[in-house]
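A.B. asks: Can you read through this structure? Questions will come right after.
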Amino acid sequence: HRFSPLGGGDSGSRFRPGRGFQNMKLIVGIDEIEGLRGMSLKLLGIMRFLEMYPEQRNSIVIKQIGVRLDSRPDDYLSTTNEVNKLIARINKRYGRKII
Numbered sequence: 013h014r015f016s017p018l019g020g021g022d023s024g025s026r027f028r029p030g031r032g033f034q035n036m037k038l039i040v041g042i043d044e045i046e047g048l049r050g051m052s053l054k055l056l057g058i059m060r061f062l063e064m065y066p067e068q069r070n071s072i073v074i075k076q077i078g079v080r081l082d083s084r085p086d087d088y089l090s091t092t093n094e095v096n097k098l099i100a101r102i103n104k105r106y107g108r109k110i111i
């Protein structure tokens, strides 16, 4: 397994809370980047959570780490594209970098 740069990091990066993140809850997810693993469903669930609980929108930040499987390169590419589009959609909808 190799770590993928989903969410703007790599295997050596660390989350460093910047200005405005001191009082936020950090949610961390580590998942294999594979269509059948449900990373896209998790992101849709996060979007639904933010819709249902708008008071939480400014109190959480999510760090999602994707583990690349070398055995399914085509699945990796399509899933990565889908996940990155969902991340952009969520961040755009809520006006800040949540994921």
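Numbering follows my numbering, in which position 50 of the sequence shown is assigned residue number 62; successive positions increment by one, without gaps. Positions of the beta carbon are idealized from the N, C-alpha and C atoms, including for glycine. From a predicted model like this one, the values you see are computed outputs, not experimental measurements.
1) Closer than 8 Å by C-beta to N35: which residues in its own chain qualify, once you throw out the five before and the five after it? Chain order, please.
2) What's the call for G107, buried or exposed, on a 16-neighbour Cβ count within 10 Å?
3) Which of helix, strand or coil does DSSP assign to Y63?
4) In whole angstroms, what is the alpha-carbon distance linking D86 and V40?
5) Starting from D82 and walking both ways along the alpha helix (DSSP H), at which residues does that stretch end?
C.D. replies: Looking at the coordinates:
1) S71
2) exposed
3) The sequence shown places Glu at residue 63, not Tyr. Helix at E63.
4) 26 Å
5) No alpha helix (DSSP H) holds D82; DSSP gives it neither H nor E.
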